[in-house]
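Residue numbering for the sequence shown follows our numbering, beginning at 230 and increasing consecutively. Heads up, the beta-carbon is just placed ideally off N, CA and C, and yes, glycines get one too. Some notes on the structure that comes next.
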Amino acid sequence: MGNSPSANSDPSTAGAFRLDGRRALVTGAASGIGEATVKELARAGASVWIADIDFAAAEALAQSVASAKALLLDVTSPESIAKGAAQLGQLDILVNNAGIGHVGSIETTEPEDFDRVMQVNVRGVYLVTRALLPLLLASQEQREAVGTIVNIASVSGLVGIKQRFAYCTSKGAVVAMTRQLAVEYPRTLRVNAICPGTVQTPFVEAYLEKFHKDNKDEMRAELRARQPVGRLGRPEEVAALVRYLASDEAAFVSGSLLTIDGGWTAA
């Protein structure tokens, strides 16, 4: 990895939520919220592994982030995860961001669709966290800093959303895993979840292309309208919250579910 940016390289962020000398890994990191998170953590001084099943995209992103390096990682494959973990050496921050979506009620969600969503969104978080847990726990001994996990959940794990049976189920499980880990390792890990509303990402665009190809503009307007502020979120806004949760300023934050949804769950 390249050298981490100086804490004084950006006057606007000097001294604020710094992560100098820390090693981070972000899954699903080559685009969307993952990509924004890589850039934000690097800006804070961390060295970042860009873990993604799309290795070419991860490598391309690494070219533009001096303190980042691409890592081929399939979150559904224990073999892929073990191979990736062997390359790390040290880890202080894990961001479980990789995930997929699905549209359908319980009646229209086929078993294979349900299994695929759970395999990526739930089992993937379990497999990655379990494999990297020894490195995160060792962080305290090596650096006298508690290891940090940030799970990217969703408002779908907190409220019911029509036609999102499998997705809501999977994100509810991520919420439960977050809370369980926080109480299992109260002094050696900080574990929190971010629950975004609808964010403007390739993930959302792919959803619109697949399920609303003929009425994208109408559906996009509906997505904006269900969030009281009247717009979609930006990946950079979620990434800024990840940075805070990974920083020492958030030392008293663990087991928390932080919504960033334009007021959706408050309405």
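Determine the DSSP secondary structure at residue i, reduced to helix, strand or coil.
{"i": "residue 236", "result": "Here residue 236 scores only 39 on pLDDT, less than 50, and its place in the model should not be relied on; the value that follows carries that caveat. Three-state result, residue 236: coil."}
{"i": "residue 464", "result": "helix"}
{"i": "residue 380", "result": "strand"}
{"i": "residue 245", "result": "coil"}
{"i": "residue 231", "result": "Annotation note: pLDDT 44 at residue 231 (below 50); position unreliable, coordinate value reported separately. Coil."}
{"i": "residue 298", "result": "strand"}
{"i": "residue 276", "result": "strand"}
{"i": "residue 333", "result": "strand"}
{"i": "residue 262", "result": "helix"}
{"i": "residue 323", "result": "strand"}
{"i": "residue 417", "result": "coil"}
Since I believe residue j is in contact with residue i (beta carbons under 8 Å), could you give me their beta-carbon distance rounded to a whole number of angstroms?
{"i": "residue 489", "j": "residue 467", "result": "6 Å"}
{"i": "residue 342", "j": "residue 395", "result": "6 Å"}
{"i": "residue 302", "j": "residue 364", "result": "At roughly 14 Å, the Cβ-Cβ gap does not stay under 8 Å, so residue 302 and residue 364 are not in contact."}
{"i": "residue 305", "j": "residue 353", "result": "6 Å"}
{"i": "residue 469", "j": "residue 269", "result": "6 Å"}
{"i": "residue 324", "j": "residue 266", "result": "6 Å"}
Grab me the residues of residue i's own chain with a C-beta within less than 7 Å of its C-beta, minus the 5 sequence neighbours each way, in chain order.
{"i": "residue 389", "result": "397"}
{"i": "residue 246", "result": "273, 472, 473, 476, 478"}
{"i": "residue 327", "result": "256, 257, 304, 349, 353"}
{"i": "residue 284", "result": "299, 301"}
{"i": "residue 402", "result": "351"}
Counting only the same chain and skipping the five closest in sequence on each side, list residues whose C-beta sits under 8 Å from that of residue i.
{"i": "residue 442", "result": "none"}
{"i": "residue 415", "result": "483"}
Measuring CA to CA, which of the options is closest to residue i?
{"i": "residue 310", "options": "425, 336, 282", "result": "282"}
{"i": "residue 331", "options": "316, 476, 347", "result": "347"}
{"i": "residue 280", "options": "270, 268, 258", "result": "258"}
{"i": "residue 375", "options": "320, 349, 402, 260", "result": "320"}
{"i": "residue 201", "options": "392, 300, 356", "result": "Because the chain in this structure spans residues 230 to 496, residue 201 falls outside the shown range and cannot be described."}
Counting only beta-carbon atoms, is residue i nearer than 8 Å to chain B?
{"i": "residue 466", "result": "Among the chains in the structure shown there is no chain B, since it carries only a single protein chain."}
In its own chain, which residues sit with a C-beta less than 6 Å from the C-beta of residue i, not counting the 5 before and 5 after it?
{"i": "residue 244", "result": "none"}
Is the segment 293-310 touching the segment 270-284, taking contact as three or more C-beta pairs under 8 Å? Segment contact: the segment 293-310 against the segment 270-284, three or more CB-CB distances shorter than 8 Å; contact assigned.
Is the segment 393-411 in contact with the segment 476-488, if contact means three or more CB pairs nearer than 8 Å? With the cut-off at 8 Å, the segment 393-411 and the segment 476-488 touch.
The segment 309-328 contacting the segment 283-290, beta-carbon criterion three pairs below 8 Å: Short answer: they don't touch.
Counting beta carbon pairs with one atom in the segment 417-430 and one in the segment 443-458, are three or more of them shorter than 8 Å? Contact between the segment 443-458 and the segment 417-430 is present, because at least three Cβ pairs lie under 8 Å.
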